[in-house]
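Enquirer: Sharing a structure below in structure tokens format, with a few things to ask.
Protein chains: 2
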Amino acid sequence: MDQKEGRNRVIIENVKPEIDHSEFPIKRVVGDKVDVEADIFCDGHDLLRSELLYKHAGDADWTISGMEKKVNDRWKGSFFVKKQGEYHYTLRAWVDRIDTWNHDIIKKIDAEVDVRSDLAEGIQLIDTVVSAYKTMSPKVRSYLSDVAALFASDKNIREKTVPILNEELYEVLYDYPIRKFITTYPSGLRVRVERKKAAFSSWYEFFPRSLGSGTKIHGTYADCIRHLKYVADMGFDVVYLPPIHPIGESHRKGKNNAVEASPGEPGSPWAIGSAEGGHKSSHKELGTLEEFRELVKNAADHNIEIALDIAFQCSPDHPYVNEHPEWFRHRPDGTIQYAENPPKKYQDIYPFDFESEDWEGLWNELKSIFIFWIGQGVRIFRVDNPHTKSLRFWGWVIDEIHQEHPDIIFLSEAFTRPKVMYHLAKRGFTQSYTYFTWRNSKKELTRYFEELVMTDAREFFRPNLWPNTPDILPQFLQYSGKSGFITRAILAATLSSSYGIYGPAFELMDNISRDEGGEEYHNSEKYEIKDWDVERKNSLRPILKQLNKIRHENQALQNNHSLRFHEIHNENLIAYSKHTDDYSNIILTVVNLDPYHSHSGWIHFKLTDIKMKENDSYQVHDLLGGAYYLWHGDQNYTELNPGVSPAHIFRIRRKIRTEQDFDYFM
Amino acid sequence: MDQKEGRNRVIIENVKPEIDHSEFPIKRVVGDKVDVEADIFCDGHDLLRSELLYKHAGDADWTISGMEKKVNDRWKGSFFVKKQGEYHYTLRAWVDRIDTWNHDIIKKIDAEVDVRSDLAEGIQLIDTVVSAYKTMSPKVRSYLSDVAALFASDKNIREKTVPILNEELYEVLYDYPIRKFITTYPSGLRVRVERKKAAFSSWYEFFPRSLGSGTKIHGTYADCIRHLKYVADMGFDVVYLPPIHPIGESHRKGKNNAVEASPGEPGSPWAIGSAEGGHKSSHKELGTLEEFRELVKNAADHNIEIALDIAFQCSPDHPYVNEHPEWFRHRPDGTIQYAENPPKKYQDIYPFDFESEDWEGLWNELKSIFIFWIGQGVRIFRVDNPHTKSLRFWGWVIDEIHQEHPDIIFLSEAFTRPKVMYHLAKRGFTQSYTYFTWRNSKKELTRYFEELVMTDAREFFRPNLWPNTPDILPQFLQYSGKSGFITRAILAATLSSSYGIYGPAFELMDNISRDEGGEEYHNSEKYEIKDWDVERKNSLRPILKQLNKIRHENQALQNNHSLRFHEIHNENLIAYSKHTDDYSNIILTVVNLDPYHSHSGWIHFKLTDIKMKENDSYQVHDLLGGAYYLWHGDQNYTELNPGVSPAHIFRIRRKIRTEQDFDYFM
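Going down the list, the sequences are from chains A and B.
Be aware that the first sequence starts at 0, since it is given in numbering that gives the first Met the number 0, and climbs by one per residue.
Be aware that the second sequence starts at 0, since it is given in numbering that gives the first Met the number 0, and climbs by one per residue.
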């Protein structure tokens, strides 16, 4: 018998948000609201009461908050998360005898039906409440006693009781619920609450080795410190460095990924480990760990955090290879299996074998690498190719680290199939690289971002948009000129609250690919030291600075859930808005996706969606160009010449003064 | 550590069908196919193998069947359910080392890369298989030994191994899987498998008491037996009788629901229980239990099953009232609370109190009522207002009964809010009354049936469509004349594999409501004995007979999952099709929803959807009117005059003979 307590008549189902029956938590940042909905109903016509309960995992007691009934048996409630770490939430509901009784007696009084028995029932219900709440204030107690006496008095019922029944009594009793035969939602709903930067961050990636003077002198942490001002001035708040560990000698790759490096070539930073050390060591030419910690400290002075690239793979020279041969797969001839994507061979890279007999030892060691760098002051990790390592491992290691260090941010670099990309985010990655890099047309962008912000993905997947990376110079950037670079930067910075660029290749508009049709950079910085002229006049530095300023000054751009696309009858123009929950800040971005030609069109921007009236007049202020426009109603004209600016970023100012605001009007 | 076995690298998620994380089973009937899909993937590029496992709850062992990979990491498999009762199914998957190896070595051979080490690995893999399968046939064993020898032979690799690697070897090894680090889907997926009638049934409701001669003489079970031929001749296979228990005397309702009956009035059969007995007794005027069993037996000879109406409520005279006062709610003055829907009072009805202290006693007694009638030969129950009784009770009682009697069918009469209606179906009701009764326009019908057959509801909710019931004479029928009645019968009989009518009110086209704007029958049979002239010439008997014949002869109409609506550019015409899984039977129904005027339009019926070619010619045979039409391609003209027939029910005959079928062609 499924009847431990068969009298729990209420059903709670179809709870949102909930990820995979609570196998995974939803994600929020400190200060966020969590809106919770569920279908809650019972047999018959009795009225229900529902509560949302929540607490930080570290708290002893639940906080209880009421839920509100909407249409079609859907109930809604919400709470704010105020601390980092894990929150729990659940729902419970029961038949509200008092509300049901109150509702019925009013209908009967209205129909002039005899209600003596109902009043007697009311007295019983009041008695139950009074005896259940011993600590009830004398004032309430005496009020209830008066009401009970009135019910018993047999006086003119309608006149005396209707005002009480219509509002007053239930409002008093609402604070003294009689929770009987409670249904509680069974699965363990959870929220992973992270710091604000998990949701809102502006990343700048550079190779420290190119910061020396010219291509011969290897850059150092000290050079990085000097370079921070340049990055901070543009307004970026995360500096992400490719791996900073010793680079292997065996099979070292040369310029443009040549199979063998010539003497003196620096090799790829992703070929990790040499006699100097492995994942817990610093590449000697960059500097010491002490100097690295100095960089982290200096960055903090510029409001910048240093993000480290963690690539779990080894060069053949990595100490692990000798110390832990059991962590690698061996071929029948006894050699270690290098990375392959047939027919390609990566003899300079040994992947770990997650099916190793000593997989537990491996997991613990990999965790200790994160812990090591956390010890050096790092709080952000960009994880290289997590999709080629055990998915369950990521869930475990991120949970383990978050238990001690809930402020650690993990960015997943998984350019892989959608289900795997999403799953890594479910397992705990804070942010994820996306397919944005290849989404160029209006249809592609609209469809993709609607998937990200309007499906359950919004609850666990935080996109971080990159127009370029050291691995990807997208074809669009190869052919679209300066206007194309600006377009992609604006899209990245306004479509998502987190974005990043690989510089200085981006701001200096490096657009030369190694092969026709390919997306690798020619003379890629992955294999050589570059000499960037960041002070060059023709640089995107000013526009990037302006974009980051707009992002910091407009809270609307610091969330993704409010993103909505708006109709505009021109396939080359895309329009979308974001707003704060209270609509105090509303940003409407219009982008001309065609880097070559001017385009114009009528934007349909439904004013009622942003709590304005259909025929309101309002001001739009282009935060890029600086111009002000007066708009009216839902449809307004816009035109964009990519030679001037490929986009408007409009701040909507809802209220326009009219004569009615003038002191002497009326 | 979430790492009992951290090496299970495969993830299985997003399984369909699955209802509320397997809290509830999906439903099928004997012979049905269950298609199962899931996202199945792992890290990296390794190839996977997935299996679908299933078994009847009574079987010891799982049957294993392979799954096939589709696009975007979606896998599909299926199985057939062959026995009544509960089936279990689950999914498992693992990294297929052999397929991965096979796939990689072919790529390497194609790229002319050295594969000696890979061949050695192949030998190892073959060894693993051979030692794992001791019972392997000598033929296979010797084949594998030859392959291993070839791999070791260092001869011309490409010529000799490619044919083996391309197909042959993997096909042989497919039957000897090495299941290692298996991921099994954790939740307990279930199927409730019922008999065919659960999905395909044609119901006819009548009041036995009106089968006597005239309105003075109470009909009996013997009269019912005589009436069976009339019903069977129309082709119905379920006869559903309103409650057949003793009717209460206290507060008995009179003609047209008058508050007090005059002497001699029969009362409502839903006011159950008198001094004669309660839910386990037969109303004396209908006959004895023995005579009832005789009716059940006679019905079976006509291929008809008797469905009983079970209404869990009591008249004040019901024996339970004295024997079990604790099962009813008492008012403060000590009297029992009668049913109310303020300001309406139903003093002739005492509802059970599902919050009774003795709720377990109540549940067991109610279960025993079903068991009692099962003992009398009843296998179908129509349950009155289940939504006003505890929802968990229904889940329990249906499960309990199905454990002993998996052939029992329960029809839920819950004209209530959608979430509650669906939930009753999840809890186990076989079939459900629906909102069809009030869905008349093309938009309403399309939207509603798409919800029923294209969402998860299709897995647990089986609609039974009623154009009328003793409680509901829909407004449409009040004003639409004979053509309107025919339209509603055709829609019911073709939109759903189960439908029913309340006769003879339906076939005799009773269209008089008690009140203007109301939906109660004038002189409702619920409160009086009626004298129906079923032999009247102007009756829908012939068209109902024809409809049921079409339903029985066309398997396409015996399922709902294949229902699809087709474009037709006239808001008064609706077109939809159903087909068998093998497309051997395809029915296209076109209905003119306007009972007054002729309408015409072009139907867009995508031939590729039914595995025909875009430009095929084909015959359509109107099973209602008898006419044959030759159609061509996707768009064809149709016209319907409601005065002649408001609908076509076309059988599509896919193949038209052409000259190429003629013996001497070519």
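We put the CB at the ideal spot given by N, CA and C, even for glycine.
No experiment lies behind these values; they were computed from the predicted model shown.
#1: Taking arginine 328/B as part of the alpha helix (DSSP H), name the residues at either end of that continuous run.
#2: For a contact defined as C-beta to C-beta under 7 Å, what are the partners of proline 342/A on chain B?
#3: Under 8 Å: do the segment 78-87 of chain A and the segment 127-138 of chain A share three or more Cβ pairs, one atom per stretch?
#4: Measuring CA to CA, which of Arg513/A, Ala491/A, Lys133/A and Asn384/A is closest to leucine 472/A?
#5: Taking the beta strand (DSSP E) that threonine 668/B falls in, what are its first and last residues?
#6: Mind checking histidine 568/A: buried by the 16 CB within 10 Å criterion, or exposed?
#7: Beta carbon of serine 576/B, beta carbon of histidine 565/B: below 8 Å?
#8: Is alanine 482/B near proline 645/B, with beta carbons less than 8 Å apart?
#9: Report the option in Arg653/A, Ile542/A, Leu606/A and Ala260/A whose CA atom is closest to the CA atom of tyrosine 526/A.
#10: Going by beta-carbon coordinates alone, are glutamate 403/A and valine 382/A separated by less than 8 Å?
#11: In chain order, what residues of the same chain have a beta carbon less than 8 Å from the beta carbon of aspartate 19/B, not counting five sequence neighbours either side?
#12: Determine whether the Cβ of lysine 388/A lies closer than 8 Å to any Cβ atom of chain B.
#13: Please name the residues in the segment 394-423 of chain A whose beta-carbon is closer than 7 Å to at least one beta-carbon of chain B, in chain order.
#14: Check whether chain B comes within 8 Å of proline 24/A, counting only Cβ atoms and requiring the distance to be less than that.
#15: Are the C-beta of alanine 298/B and some C-beta of chain A separated by less than 8 Å?
#16: Can you name the residues that DSSP bridges to proline 350/B?
#17: Just to confirm before moving on: does the CB-CB distance between asparagine 463/B and tryptophan 74/B stay below 8 Å?
#18: Alpha carbon to alpha carbon, how far is phenylalanine 649/B from histidine 631/B? Give it in angstroms, no decimals.
#19: Can you tell me which of the three DSSP states leucine 472/A falls into?
#20: Helix, strand or coil for leucine 666/B per DSSP?
#21: Please classify histidine 596/A as buried or exposed, where buried requires at least 16 neighbouring CB atoms within 10 angstroms.
#22: What's the gap between the Cα of tyrosine 582/A and the Cα of alanine 198/A?
#23: Compare the C-beta of histidine 715/A against all C-beta atoms of chain B and say whether one is closer than 8 Å.
#24: Just to confirm, are isoleucine 177/B and alanine 131/B a CB contact at a threshold of 8 Å?
#25: In chain B, which residues lie with their C-beta within 9 Å of the C-beta of tryptophan 93/A?
#26: Measuring only the C-alpha atoms, how far is alanine 574/A from tryptophan 601/A?
#27: Compute the distance between the beta-carbons of glycine 277/B and tyrosine 319/B, then report whether it is under 8 Å.
#28: At a Cβ threshold of 8 Å, is glutamine 2/B touching chain A?
#29: Taking the straight line between their C-alpha atoms, what separation do you get for lysine 524/B and valine 112/A?
#30: Using three-state DSSP, classify glutamine 2/B as helix, strand or coil.
#31: What is the DSSP secondary structure of tryptophan 202/A, counted as helix, strand or coil?
#32: Can you give me the start and stop residues for the beta strand (DSSP E) that glutamine 634/A sits inside?
#33: Using 10 angstroms around the beta-carbon of leucine 629/B, count the other beta-carbons present and answer buried if the total reaches 16, otherwise exposed.
#34: Need the endpoints of the beta strand (DSSP E) that tryptophan 630/A sits in, please.
#35: Counting only C-beta atoms, is asparagine 165/A closer than 8 Å to chain B at any point?
#36: Quick check on arginine 540/B: buried or exposed, where buried means 16 or more other Cβ atoms within 10 Å of its Cβ?
Expert: Quick look at the numbers:
#1: No alpha helix (DSSP H) holds arginine 328/B; DSSP gives it neither H nor E.
#2: The answer, in chain order, is Lys106, Lys107, Ala110 and Val112.
#3: Taking 8 Å as the limit for Cβ pairs, the verdict is that the segment 127-138 of chain A does not touch the segment 78-87 of chain A.
#4: Ranked by Cα distance from leucine 472/A, the first of Arg513/A, Ala491/A, Lys133/A and Asn384/A is Arg513/A.
#5: Outside the displayed range of chain B (0 to 665) lies residue 668/B, so it cannot be described from this structure.
#6: Classification of histidine 568/A: exposed, given that the 10 Å Cβ count is below 16.
#7: Going by C-beta atoms, serine 576/B is nearer than 8 Å to histidine 565/B.
#8: Reading off the sequence shown, one finds serine at residue 482/B, where the question assumed alanine. It is a contact, given that the beta carbons lie within the stated cut-off.
#9: Proximity to tyrosine 526/A across Arg653/A, Ile542/A, Leu606/A and Ala260/A peaks at Ala260/A, based on C-alpha coordinates.
#10: The answer is no: Cβ separation not under 8 Å.
#11: Contacts found: Lys425.
#12: With 8 Å as the cut-off, lysine 388/A counts as an interface residue toward chain B.
#13: Close to chain B, meaning a Cβ-Cβ distance shorter than 7 Å, are the following residues of the segment 394-423 of chain A: Gly394, Trp395, Arg416, Pro417, Lys418, Val419 and His422.
#14: Not one chain B Cβ lies under 8 Å of proline 24/A.
#15: False, the Cβ-Cβ gap to chain A never drops below 8 Å.
#16: Bridge pairing for proline 350/B: Gln312/B [DSSP].
#17: 8 Å or more divides the Cβ of asparagine 463/B from the Cβ of tryptophan 74/B.
#18: In a straight line, the C-alpha of histidine 631/B is about 14 Å away from that of phenylalanine 649/B.
#19: Here leucine 472/A carries a coil assignment [DSSP, helix/strand/coil].
#20: The requested residue 666/B does not occur in the structure, where chain B is confined to residues 0 to 665.
#21: Under this definition histidine 596/A is an exposed residue.
#22: Looking at the two C-alpha atoms, the distance is approximately 19 Å.
#23: Residue 715/A lies beyond the stretch modelled for chain A, which goes from 0 to 665, so this question has no answer here.
#24: The answer is yes: Cβ separation under 8 Å.
#25: Per Cβ cutoff of 9 Å: no residues; tryptophan 93/A is ~11 Å from chain B at best.
#26: Straight-line Cα distance between these residues: approximately 10 Å.
#27: Yes. Within cutoff.
#28: Bear in mind that a pLDDT of 45 at glutamine 2/B, under 50, signals an unreliable position, so the number given afterwards is only what the model happens to contain. Chain A, which has a Cβ nearer than 8 Å to the Cβ of glutamine 2/B, makes this yes.
#29: According to the sequence provided, residue 524/B is glutamate. The question's lysine does not apply to it. Going by C-alpha positions, glutamate 524/B is about 29 Å away from valine 112/A.
#30: Because the pLDDT at glutamine 2/B is just 45, under 50, the model does not fix this residue reliably, and the value given afterwards should be weighed accordingly. In the three-state reduction of the DSSP assignment, glutamine 2/B falls in the coil class.
#31: In the structure shown, tryptophan 202/A sits in a strand (DSSP, three-state: E or B).
#32: It spans 634-639 - the beta strand (DSSP E) in which glutamine 634/A sits, taken as one unbroken run.
#33: Counting the other CB atoms within 10 Å of its CB gives leucine 629/B a total below 16, which places it among the exposed residues.
#34: Its beta strand (DSSP E) spans residues 627-631.
#35: Taking Cβ atoms only, chain B never reaches closer than 8 Å to asparagine 165/A, which makes this a no.
#36: Its Cβ being crowded by 16 or more others within 10 Å, arginine 540/B is buried.
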